[in-house]
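Colleague: Residue numbers (my numbering): 925 to 1139. A virtual CB, placed ideally from N, CA and C, is assigned to each residue, including glycine. As the structure is a computational prediction, the values presented were derived from the model and not from experiment. Right, I'll just put the structure down here and ask away after.
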């Protein structure tokens, strides 16, 4: 039986029709809202997410057989729509780098992240140097609380198992290893040493205060 022209259509042509148009500003705005509904972000974070969405669309379009130059032109127009989307989100308060940095810094500190680790995290998220500086915990007690939380999670110092049963030499070796672990996490020697010298009761009291946000 003869095959119709429609039936002979190539798989490539069929796939081309399945690729949606390049993301419009409205589509990108909805994508940004969906992203922010899952997690707060900086303006740079939203911009990066939308750029990735456009790049993914372009890759799919090219793989489907569309002309590369045409796809790049459409993707370029889509990327131009990202800045107005981000600007609008900032205008209505859905994106606020300072608020994001402050909230994230407090959360990370209470979860046991050092000041240095928090700084690296916020910088990676796209917060400016000034905003990062303002958001970082400044008091030594903030860093101490974070260090105690970290030690508890890693079973270091006062939280180490069978600590009292170790010989003096083994305790010293364990302390040196713990100091190295805390240094890699970004805690300075003074803070780390103070934590590792605490007994369990002292550490847990500091930890309770840190969790209440009194530091």
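Can you name, in chain order, every residue of its own chain whose Cβ lies under 7 Å from the Cβ of residue 1079, other than the five neighbours on each side?
Modeller: Mapped onto the chain shown, residue 1079 falls at position 155. Once the five neighbours on either side are set aside, the close Cβ partners of residue 1079 are 1085.
Colleague: Less than 8 Å between the C-beta atoms of residue 1083 and residue 1109, yes or no?
Modeller: In the chain shown, counting from the first residue as 1, residue 1083 sits at position 159. In the chain shown, counting from the first residue as 1, residue 1109 sits at position 185. Result no, Cβ atoms of residue 1083 and residue 1109 do not sit closer than 8 Å.
Colleague: Residue 1104: buried (16+ other C-beta within 10 angstroms of its C-beta) or exposed?
Modeller: Indexing the chain shown from 1 puts residue 1104 at position 180. That one is exposed.
Colleague: Whole angstroms is fine: what's the gap from residue 1053's alpha carbon to residue 945's?
Modeller: Your numbering for residue 1053 matches position 129 in the chain shown. Your numbering for residue 945 matches position 21 in the chain shown. So the alpha carbons of these two residues sit roughly 38 Å apart.
Colleague: Which class does residue 961 belong to by DSSP, given the choice of helix, strand or coil?
Modeller: For the purposes of this step, residue 961 is taken as the residue at position 37 of the chain shown. The answer is helix: DSSP assigns residue 961 an H, G or I state.
Colleague: Relative to the alpha-carbon of residue 968, which residue among 1067, 1011, 1040 has its alpha-carbon at the smallest distance?
Modeller: Looking up residue 968 in the chain shown gives position 44. With distances taken between Cα atoms, residue 968 lies closest to 1011.
Colleague: To the nearest angstrom, report how far apart residue 1014 and residue 998 are at their CA atoms.
Modeller: Stepping through the chain shown from its first residue, residue 1014 is reached at position 90. Stepping through the chain shown from its first residue, residue 998 is reached at position 74. If I take the Cα positions, the gap works out to 26 Å.
Colleague: Which value, in whole angstroms, describes the spacing of the CA atoms of residue 935 and residue 993?
Modeller: For the purposes of this step, residue 935 is taken as residue 11 along the chain shown, with counting starting at 1. For the purposes of this step, residue 993 is taken as residue 69 along the chain shown, with counting starting at 1. Because residue 935 carries a pLDDT of 48, less than 50, the predicted location of this residue cannot be relied on, and the following value inherits that uncertainty. Approximately 21 Å, taken between the alpha carbons.
Colleague: Short check: CB of residue 1120 to CB of residue 1099, under 8 Å?
Modeller: Residue 1120 sits at position 196 when you count from the first residue of the chain shown. Residue 1099 sits at position 175 when you count from the first residue of the chain shown. Yes, Cβ-Cβ distance for residue 1120 and residue 1099 is below 8 Å.
Colleague: Out of 990, 1129, 1017, 979, which has the shortest C-alpha to C-alpha gap to residue 1001?
Modeller: As a working mapping, residue 1001 is identified with position 77 in the chain shown. Minimum Cα distance to residue 1001 is reached at 979.
Colleague: Between which residues of its own chain and residue 1006 is the CB-CB distance below 7 Å, once the five residues before and five after are set aside?
Modeller: Counting from 1 along the chain shown, the entry for residue 1006 is found at position 82. For residue 1006, where only same-chain residues beyond five positions count, the Cβ hits under 7 Å are 952, 971, 974, 975.
Colleague: From residue 961 to residue 948, what does the alpha carbon distance come to, in whole angstroms?
Modeller: Walking along the chain shown from the start, residue 961 turns up at place 37. Walking along the chain shown from the start, residue 948 turns up at place 24. When rounded, the distance between both Cα atoms is 20 Å.
Colleague: Curious, which full-length alpha helix (DSSP H) runs of at least 4 residues does the segment 974-1007 contain?
Modeller: Those alpha helix (DSSP H) runs which fall completely within the segment 974-1007 and span 4+ residues are 992-1004.
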